[in-house]
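Asker:
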Amino acid sequence: MQTVIIMLGAPGAGKGTQSLRLSQELELPHVSTGDLFRENLKNQTEVGLRAKGYMDAGELVPDEVVLDMLFGRIQKSDCDRGFILDGFPRTVVQAEALTKRLGGEPEVLAVNLEVDDDDVIKRMSQRRVCEDCGAPYHLTSAPSKKEGICDLCGGTLMQRSDDREEVVRHRLKVYYDQTAPVVTFYQDQRCLRSVESRSSVEDVFSSLLEILQTLRG
Ligand code: AMP
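The opening position of the sequence shown corresponds to residue 4 in this note's numbering, with each subsequent residue numbered one higher.
(1) Taking the continuous alpha helix (DSSP H) assigned at Tyr189, which residues delimit it?
(2) For the segment 91-98 against the segment 173-188, are there 3 or more C-beta pairs whose distance is under 8 Å?
(3) For Phe86, tell me which candidate among Val69, Val68 and Glu110 has the shortest Cα-Cα distance.
(4) Can you tell which of Leu29, Glu205, Lys148 and Ser22 has the C-alpha that lies nearest to the C-alpha of Gln5?
(5) Is the beta carbon of Phe91 within less than 6 Å of some heavy atom of ligand 1?
(6) In this structure, does DSSP put Arg84 in helix, strand or coil?
(7) Which one of Asp122, Asp154 and Glu150 has the shortest CA to CA distance from Gly2?
(8) Starting from the C-beta of Leu88, find all residues in its chain whose C-beta is less than 6 Å away, skip the five residues before and the five after it, and write them out in chain order.
(9) Going by DSSP, what residue range makes up the alpha helix (DSSP H) through Ala54?
(10) Return the Cβ separation of Val177 and Gly12 in integer angstroms, given the expectation that the two are a contact with Cβ distance under 8 Å.
(11) Hey, is the segment 128-146 in contact with the segment 18-25, meaning 3+ C-beta pairs nearer than 8 Å?
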């Protein structure tokens, strides 16, 4: 059966870090719409250029652009057994479109990573990502082995322009206005679990594995 895991939570809640770990553990592809947009932007595609202004301002890219890009990605054969969604859906319209697209077949689990706003602002100012492969790091809680260099691919680590404090504050507002209702959407569908994301990366990951085990019995 196809397994679809949906990682929800405010910006900086740890969706990217936990999705990568789950992806390795479960051998399912990690599908991040933010990464897909950044890749498109790097390659100067039409989708990338359309998304740029929204991303720089911390706004959501319009639903139809996101949906086209995401649906194109999940129809690739590496997603046949399932996939882990990170940063999608971010609006109820996207969540409804995904439900329709998936039909009744796959096992769907939505996980909400809970974190305080103050923690988000602190975390994001210390977040670094690899310019080449997008792997996430944190200057104090998850540093790279060699300063400024990605452990996975040797690329250079940088701060995303939308991780600056004023943009982060705006992204939080956008999250509460447009994305928080997605949590209720999955709660209503009875496939939502919540995990406190205040503790260490390892502790949060253990909680996620426990949830998956209870699901798989
Ligand atoms: P992320 O890396 O997930 O924080 O995404 C970075 C930016 O990409 C967001 O601030 C949005 O501008 C855009 N983006 C990513 N995913 C979505 C989505 N599902 N819907 C709309 N915009 C998105």
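Glycine included, each C-beta is placed from N, C-alpha and C at the ideal position.
Answerer: Answer, in terms of the structure:
(1) Here residue 189 refers to the residue found at position 186 of the sequence shown. Unbroken alpha helix (DSSP H) run through Tyr189: Ala183 to Asp191.
(2) yes
(3) Here residue 86 is taken as the residue at index 83 of the sequence shown, counted from 1. Ranking Val69, Val68 and Glu110 by Cα distance to Phe86 puts Glu110 first.
(4) Translated into positions along the sequence shown, residue 5 becomes position 2. The candidate whose alpha carbon is nearest that of Gln5 is Leu29.
(5) By one-based count along the sequence shown, residue 91 stands at place 88. Yes.
(6) Residue numbering aside, residue 84 sits at position 81 when the sequence shown is read from its first letter. Reduced to three states, the DSSP call for Arg84 is coil.
(7) For the chain, the structure presents residues 4 to 220; residue 2 sits outside this window and is missing.
(8) Position 85 of the sequence shown, counting from 1, holds the residue named residue 88. Around Leu88: Ile9 and Val34.
(9) Position 51 of the sequence shown, counted from the start, is the residue given in the question as residue 54. Element bounds for Ala54: Glu49 to Ala60.
(10) Residue 177 sits at position 174 when you count from the first residue of the sequence shown. Residue 12 sits at position 9 when you count from the first residue of the sequence shown. Contact flag wrong, Cβ pair sits at about 14 Å.
(11) yes
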